[in-house]
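Asker: Quick one: the structure is below, and I'll ask about it shortly.
Number of protein chains: 2
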Amino acid sequence: MAGLVSIPKPTLERLPVYYRVLVQCREAGMQYVSSSELGRRSGFDNAQVRKDLNHIWSGGRPGLGYEIDKLTSCLADFLGLHNTTDAALVGAGRLGAALAGYQGFAGYGLNIVAVFDSDPEKIGGTLSERPILSVDKLADIAERLGIRMGIITVPAKAAQAVADTMVSAGVQAIWNFAPVCLQVPKNVLVRNEDLAAGLATLSYHLKELDPLTNAMS
Amino acid sequence: MAGLVSIPKPTLERLPVYYRVLVQCREAGMQYVSSSELGRRSGFDNAQVRKDLNHIWSGGRPGLGYEIDKLTSCLADFLGLHNTTDAALVGAGRLGAALAGYQGFAGYGLNIVAVFDSDPEKIGGTLSERPILSVDKLADIAERLGIRMGIITVPAKAAQAVADTMVSAGVQAIWNFAPVCLQVPKNVLVRNEDLAAGLATLSYHLKELDPLTNAMS
Numbered sequence: 165m166a167g168l169v170s171i172p173k174p175t176l177e178r179l180p181v182y183y184r185v186l187v188q189c190r191e192a193g194m195q196y197v198s199s200s201e202l203g204r205r206s207g208f209d210n211a212q213v214r215k216d217l218n219h220i221w222s223g224g225r226p227g228l229g230y231e232i233d234k235l236t237s238c239l240a241d242f243l244g245l246h247n248t249t250d251a252a253l254v255g256a257g258r259l260g261a262a263l264a265g266y267q268g269f270a271g272y273g274l275n276i277v278a279v280f281d282s283d284p285e286k287i288g289g290t291l292s293e294r295p296i297l298s299v300d301k302l303a304d305i306a307e308r309l310g311i312r313m314g315i316i317t318v319p320a321k322a323a324q325a326v327a328d329t330m331v332s333a334g335v336q337a338i339w340n341f342a343p344v345c346l347q348v349p350k351n352v353l354v355r356n357e358d359l360a361a362g363l364a365t366l367s368y369h370l371k372e373l374d375p376l377t378n379a380m381s
Numbered sequence: 165m166a167g168l169v170s171i172p173k174p175t176l177e178r179l180p181v182y183y184r185v186l187v188q189c190r191e192a193g194m195q196y197v198s199s200s201e202l203g204r205r206s207g208f209d210n211a212q213v214r215k216d217l218n219h220i221w222s223g224g225r226p227g228l229g230y231e232i233d234k235l236t237s238c239l240a241d242f243l244g245l246h247n248t249t250d251a252a253l254v255g256a257g258r259l260g261a262a263l264a265g266y267q268g269f270a271g272y273g274l275n276i277v278a279v280f281d282s283d284p285e286k287i288g289g290t291l292s293e294r295p296i297l298s299v300d301k302l303a304d305i306a307e308r309l310g311i312r313m314g315i316i317t318v319p320a321k322a323a324q325a326v327a328d329t330m331v332s333a334g335v336q337a338i339w340n341f342a343p344v345c346l347q348v349p350k351n352v353l354v355r356n357e358d359l360a361a362g363l364a365t366l367s368y369h370l371k372e373l374d375p376l377t378n379a380m381s
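In order, the protein sequence lines correspond to chains V and G. For the first sequence, the numbering used here assigns the number 165 to the initial residue and increments by one for each residue that follows. For the second sequence, the numbering used here assigns the number 165 to the initial residue and increments by one for each residue that follows.
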């Protein structure tokens, strides 16, 4: 079960950023990119970029930089983006609709095959052309379709129960947008997208910049 | 302009998580919480919690733990959550609608006062009861209202121009949902919510778990 390449988590989280920048470079018609240019466009420094990419790639050419086509493909392989991942989304609210309707995820291999909700008024309707099913059917359908990824966009109070159902049906990776820490077995990976935390770091920055607030502290 | 308390960025990003957990504890009727319980609910270890909270709080009582009311209030002050922040949101698509419609941000002091878009079919309409204005008016309105926070939910290609306009109008904190690295002056803080990166870390985990993929690598 262990991966072939052991890679630090912070590196793993930067690789998709490099991937996205490389795709943009390719679309702009570039063939090679230097580590410093890749760093500038990604927001990381030069040395960090080289160190990260050394984990998966030894093809940088002195003076020319990285060959964009090859590095992009290598990163996509490494990150598993070439594999299509079927996912179940639970929570057909506004955020669920935003995720289900976002075309860009297809480039990352994400295929939302089913949408679930507990609201009788929503069940039977559609969300971005996918039928909305009762959450009571989640376990059965996830198991039958072999779904390995779950996306949670329900309110905080409902999230743990949804996660438990997903795990019992064999889901191994959960993308959690509910503002709550999920308890899951060790072999299940949870990625929290904590929007409130993002907001709070910005509020803190604004408070720090405000001379009036600081004077009163 | 410098803050009174210097705090490491990773700590700053964990504080909102503690804050949220504390609010949930308070809603559940708890009065005190131990660092280990707070850690369990936040997903961080005991020692980490104590070290982080030591930056802003010296009121933990041996045997009793943290007094939830006081610590919550202290965290909210520290993070600037008691200040109301007026924000401009640019990009009235699905994600913009999800953010504009999310009630939970009010608890973090966020007040989206204006929504902008470039699509003539959207301009003049509303998004979660806010009028959608032409993005041409962004600079003028942001400046006149003294808006300090901008939220970007436009496609990647349009994001830098929107950020430039925000910065020129005095915006000091940008919450960026466009999958692109924005170039801004040093005094402006950008928080990237990189959904594709989150997705890629999950794909990688699933690939690593898959014995067939590993055998073929």
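All residues carry an ideal CB built from backbone N, CA and C; glycine is no exception.
In whole angstroms, give me the CA-to-CA distance for Tyr182/V and Asp250/G.
Answerer: Looking up residue 182/V in the first sequence gives position 18. Looking up residue 250/G in the second sequence gives position 86. Using only the alpha carbons, I get a separation of about 33 Å.
Asker: Ignore the nearest five residues each way along the sequence and tell me which others in Gln324/G's own chain have a CB closer than 8 Å to its CB.
Answerer: Indexing the second sequence from 1 puts residue 324/G at position 160. Around Gln324/G: Val344, Leu346 and Gln347.
Asker: Could you check the C-alpha separation between Ala303/G and Gly244/V for me, to the nearest Å?
Answerer: Counting from one through the second sequence, the residue named residue 303/G turns up at place 139. Counting from one through the first sequence, the residue named residue 244/V turns up at place 80. In a straight line, the C-alpha of Ala303/G is about 42 Å away from that of Gly244/V.
Asker: Report the residues of the stretch 321-350 of chain G with a CB closer than 7 Å to any CB of chain V, ordered along the chain.
Answerer: Gln336, Ala337, Trp339, Pro343 and Cys345
Asker: Quick one: any contact between the stretch 225-237 of chain V and the stretch 188-201 of chain V, if contact means 3 or more CB pairs under 8 Å?
Answerer: Touching, yes.
Asker: For Arg190/G, go through chain V and note every residue whose CB falls closer than 7 Å to its CB, in chain order.
Answerer: Mapped onto the second sequence, residue 190/G falls at position 26. At a C-beta separation below 7 Å, Arg190/G has no neighbours in chain V, since its nearest C-beta there lies roughly 14 Å away.
Asker: Between which two residues does the beta strand (DSSP E) containing Ala323/V stretch?
Answerer: Taking the first residue of the first sequence as position 1, residue 323/V is located at position 159. From DSSP, Ala323/V is part of no beta strand (DSSP E) but of the alpha helix (DSSP H) over Ala320 to Ser332.
Asker: If you measure from the beta carbon of Ser367/V to each beta carbon in chain G, is any gap under 8 Å?
Answerer: In the first sequence, counting from the first residue as 1, residue 367/V sits at position 203. At least one chain G Cβ lies under 8 Å of Ser367/V.
Asker: The alpha helix (DSSP H) with Ser199/G in it runs from where to where?
Answerer: Locating residue 199/G in the second sequence gives position 35, counting from the first residue. Segment Ser199 to Ser206, the alpha helix (DSSP H) holding Ser199/G.
Asker: Rounding to the nearest angstrom, what Cα-Cα distance links Pro174/G and Ala364/G in this structure?
Answerer: Within the second sequence, numbered from 1, the residue matching residue 174/G stands at position 10. Within the second sequence, numbered from 1, the residue matching residue 364/G stands at position 200. Going from the Cα of Pro174/G to the Cα of Ala364/G covers about 21 Å.
Asker: Can you list, in chain order, the residues of its chain with a C-beta nearer than 6 Å to that of Asp216/V? Leave out the 5 residues immediately preceding and following it.
Answerer: As a first step, residue 216/V is located in the first sequence; it is residue number 52 there, counting from the start. Excluding positions up to five away in sequence, the list reads Thr175 and Arg178.
Asker: Does chain G have any CB closer than 8 Å to the CB of Phe269/V?
Answerer: As a working mapping, residue 269/V is identified with position 105 in the first sequence. True, the Cβ-Cβ gap to chain G drops below 8 Å.
Asker: From which residue to which residue does the beta strand (DSSP E) around Phe280/V run?
Answerer: Taking the first residue of the first sequence as position 1, residue 280/V is located at position 116. Element bounds for Phe280/V: Leu274 to Asp281.
Asker: Let me know the secondary structure DSSP gives Asp358/G once reduced to three states.
Answerer: One-based indexing of the second sequence puts residue 358/G at position 194. It is coil, neither helix nor strand.
Asker: Using a beta-carbon distance cut-off of less than 9 Å, what residues from the stretch 256-290 of chain V approach chain G?
Answerer: Answer in chain order: Gly257, Arg258, Leu259, Gly260, Ala261, Ala262, Leu263, Ala264, Gly265, Tyr266, Gly268, Phe269, Gly271, Tyr272, Gly273 and Leu274.
Asker: Can you grab the Cα-Cα spacing for the pair Leu297/G / Ile311/G, in whole Å?
Answerer: Residue 297/G sits at position 133 when you count from the first residue of the second sequence. Residue 311/G sits at position 147 when you count from the first residue of the second sequence. So the two alpha carbons sit approximately 15 Å from each other.
Asker: Beta carbons nearer than 8 Å to chain G: which residues of the stretch 201-222 of chain V have them?
Answerer: Arg205, Ser206 and Gly207
Asker: Just to make sure I have the definition right: I need the residues of chain G whose C-beta is within less than 9 Å of the C-beta of Ala306/V. Which are they?
Answerer: Here residue 306/V refers to the residue found at position 142 when the first sequence is read from its first residue. Under the 9 Å cutoff, chain G gives no residues; its nearest Cβ is about 14 Å from Ala306/V.
Asker: With Leu297/G as the anchor, note down where its beta strand (DSSP E) starts and where it stops.
Answerer: Residue 297/G sits at position 133 when you count from the first residue of the second sequence. Where Leu297/G is concerned, the enclosing beta strand (DSSP E) stretches over Arg294 to Ser298.
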